[in-house]
Amino acid sequence: MIEVIELQVSLLEEVAAADSLDALEAVRVSAFGKKGRITEQMKSLSQLDGDLRKESGQALNLVKDAVLEAITARQADLNAAELEARLTHEIIDVTLPPRPRPDGRLHPVSQVTEECIAIFGEMGFTVAEGPDIEDDFHNFTALNIPPEHPARQMHDTFYLKGQDGGALSVLRTHTSPVQIRTMETSKPPIRVIAPGRTYRSDSDATHTPMFHQIEALVIDETTHMGHLKGCIIDFCRAFFDISDLPVRFRPSYFPFTEPSMEVDIGCSREGGELRIGNFGEGADNWLEIMGSGMVHPKVLEHGGIDSARYQGFAFGMGIDRIAMLKYGIPDLRTFFDADIRWIKHYGFVPLAVPSMVRGL
Ligand code: DAH
């Protein structure tokens, strides 16, 4: 019994003397660990008999409770002291000025590209890519524009020297070669859009040598012109956010589609100001925004797709142009001036990601 009381006294002294959580833990282990002083005493109880065992057991339990309680209390004290020390040490100066708000803006081309991806993504399209530097086959021949075809002149192509005396490369004049690249690498059903840079040797208020297009390609066994029309009409109305926007399909010609159509949307030119919307079907109330058509069987064959089994539609439009129309930007050249005042005015807050649910 004496021993037990002495053990209690010395353990309580050690607990009180522990000046850190680590030191306290060492005391705890020395009492309650595998070979701890209290543990050893507990073990030795089994050697006693009868009343002595009971008495000693009760006494030991009291010691155990007292020491545990002391450890818990000391732990709380040490924790509080540590917090106090950190609070005086780690000072936050709340009077400091806040961080400046980020000033960057997204370019309208990036914004409009994201908007298109959001709309077509909702319809089930995925994004496809192709290289800016193309070969003649993908940019022209595979799209049913053979070497002597007059459409080649219309494209104002930039030619690049072929490597190692090889064939000339071109800067792609449209995103349509991505149609061929997609056909080469995937099997129908195909449903892709391909936004990207395109190049033509041309420069005025509505043309820049580098500009952007977005291409769409759908191929399946029963894809027909009704699908083309539905897809384009839905896109135009969603993009311009005008539910009754008139959309007109006008017969046209592209070598890579048959039949081919140009797509016009409703507009008004009153007072010399161009506005998109439903202003009646007057002859002057139409604005061309894209080319479209059913993919020419020769193009399918060039892409390695069986034209007896598959058919599809495609369309392409200028991203910069629809950005100008939607956001009222008058001169295309300003898109590429890298003028900070312009981007502050026409740019978009980077975190306002366009989505069909939250709005474009
Ligand atoms: N590639 C054409 C151009 O740059 C646009 C175009 C027209 C794309 C008709 C198409 C299409 O996919 O079917 O003028």
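In my numbering, each residue's number is its place in the sequence shown (first place is 1) plus 13. Cβ coordinates follow ideal geometry from the N, Cα and C atoms, glycine included. The model shown is predicted, which means the values in this text are computed figures rather than measured ones.
Q | R322 classed as buried or exposed, judged by whether at least 16 other C-beta atoms fall within 10 angstroms | A | The residue is exposed, with fewer than 16 neighbouring Cβ atoms inside 10 Å.
Q. Can at least three beta-carbon pairs, one atom from the segment 319-333 and one from the segment 100-111, be found at a separation below 8 Å?
A. In short, these stretches do not touch, since the Cβ pair count stays below three.
Q.
According to DSSP, is F150 part of a helix, a strand, or is it coil?
A. Collapsing the DSSP output to three states places F150 in a helix.
Q.
Could you compute how far the alpha carbon of V260 sits from the alpha carbon of G175?
A. Cα to Cα, V260 sits roughly 43 Å from G175.
Q. What first and last residue would you give for the alpha helix (DSSP H) that runs through A94?
A. Segment 63-102, the alpha helix (DSSP H) holding A94.
Q.
I'd like to check one pair, F269 with V312: are the Cβ atoms closer than 9 Å?
A. With respect to F269, V312 sits close: the two C-beta atoms are nearer than 9 Å.
**Q.** Proximity test, T347 beta-carbon vs the ligand DAH heavy atom, cut-off 8 Å
**A.** False, no ligand heavy atom lies under 8 Å from that Cβ.
Q: Please report how far the alpha carbon of H187 lies from the alpha carbon of I246, in whole angstroms.
A: Taking the CA atoms as reference points, H187 sits about 22 Å from I246.
Q: Enumerate, from N- to C-terminal direction, the unbroken alpha helix (DSSP H) stretches of 4 or more residues contained entirely within the segment 269-319.
A: List check, alpha helix (DSSP H) in window: 310-315.
Q. Between the Cα of R263 and the Cα atoms of R288, R334, N298, E275, which residue gives the shortest distance?
A. Closest option to R263, Cα to Cα, is E275.
Q) So, D116 versus K339, is the Cβ gap smaller than 9 Å? A) No, the pair does not count as a contact, with Cβ atoms beyond the cut-off.
Q: Leaving aside the five residues before and after G317 along the sequence, list all residues of the same chain whose C-beta is less than 7 Å from its C-beta, in chain order.
A: Cβ neighbours of G317 beyond the five flanking positions: M196, E197.
Q: Starting from T195, follow the alpha helix (DSSP H) in both directions and report where the run begins and ends.
A: 190-198 is the span of the alpha helix (DSSP H), which, as asked, contains T195.
Q.
Report the CB separation of R66 from L58 in whole angstroms; it is logged as a contact under 8 Å.
A. The beta-carbon separation of R66 and L58, rounded to 6 Å, stays under the 8 Å limit for a contact.
Q | When L100, A83, L181 are compared against V28, the one with the closest alpha-carbon | A | Nearest of L100, A83, L181 to V28, Cα basis: A83.
Q. What are the boundary residues of the alpha helix (DSSP H) that S43 is part of?
A. Per DSSP, S43 belongs to the alpha helix (DSSP H) from 34-45.
(Q) Is A155 a contact residue of the ligand DAH, with contact defined as CB to any heavy atom under 8 Å? (A) Every heavy atom of the ligand DAH is 8 Å or more from the Cβ of A155, so no.
Q) Does any heavy atom of the ligand DAH sit closer than 8 Å to the C-beta of S182? A) S182 Cβ: outside cutoff for every heavy atom of the ligand DAH.
Q | Validate contact between the segment 126-140 and the segment 220-234 using beta carbons, cut 8 Å, 3 pairs | A | The way I'd put it, the segment 126-140 does touch the segment 220-234; three or more beta-carbon pairs between them come closer than 8 Å.
Q.
Could you check whether the segment 280-289 touches the segment 154-172, counting it as contact only if at least three pairs of C-beta atoms, one from each stretch, sit closer than 8 Å?
A. Because the criterion of three Cβ pairs below 8 Å is not met, the segment 280-289 and the segment 154-172 do not touch.
Q) When DSSP labels each residue in this structure, what does Y323 get in the three-state scheme? A) Residue state, collapsed to three classes: coil.
Q) S368: beta carbon under 8 Å from a heavy atom of the ligand DAH? A) S368: no, Cβ never under 8 Å from the ligand DAH.
(Q) Nearer than 8 Å: is that true of the beta carbon of S214 relative to any heavy atom of the ligand DAH? (A) No, Cβ of S214 sits at least 8 Å from all heavy atoms of the ligand DAH.
Q: Please indicate yes or no: does the CB of S305 lie closer than 8 Å to some heavy atom of the ligand DAH?
A: Correct: S305 has its Cβ closer than 8 Å to the ligand DAH.
Q.
Give me the DSSP bridge partner(s) of V231.
A. BP columns for V231 point to R204, F326.
Q) Alpha carbon to alpha carbon, what distance is there between G279 and T211? A) If you take the alpha carbons of T211 and G279, they lie about 27 Å apart.
Q | Residue from P208, L345, S43 with nearest C-alpha to V191 | A | Closest by alpha carbon: P208.
Q: Tell me whether F171 counts as near the ligand DAH, meaning its Cβ is closer than 8 Å to at least one heavy atom of that ligand.
A: No, the Cβ of F171 stays beyond 8 Å of every heavy atom of the ligand DAH.
Q. Identify the residues that DSSP records as bridge partners of V183: which are they?
A. Note: V183 sits in a beta bridge opposite E147, Y172.
Q: Taking only heavy atoms of the ligand DAH into account, decide whether any of them is closer than 8 Å to the Cβ of T235.
A: Within the chosen limit of 8 Å, the ligand DAH does not reach the beta carbon of T235 with any heavy atom.
(Q) Which residue wins for smallest C-alpha separation from T347, given the options P222, T85, H315, R185? (A) The residue from P222, T85, H315, R185 with its alpha-carbon nearest to that of T347 is P222.
Q | Range covered by the alpha helix (DSSP H) that runs through S57 | A | Run containing S57: 50-57, per the alpha helix (DSSP H) assignment.
(Q) Quick check on the burial criterion: 16 or more other C-beta atoms within 10 angstroms. Buried or exposed for E234? (A) Flag for E234 reads exposed.
Q) Which word fits L24, buried or exposed, when buried means at least 16 other C-beta atoms lie within 10 angstroms of its C-beta? A) It is buried - the Cβ of L24 has at least 16 other Cβ atoms within 10 Å.
**Q.** Where T139 falls: helix, strand or coil (DSSP)
**A.** DSSP, reduced to helix, strand and coil, places T139 within a strand of the structure shown.
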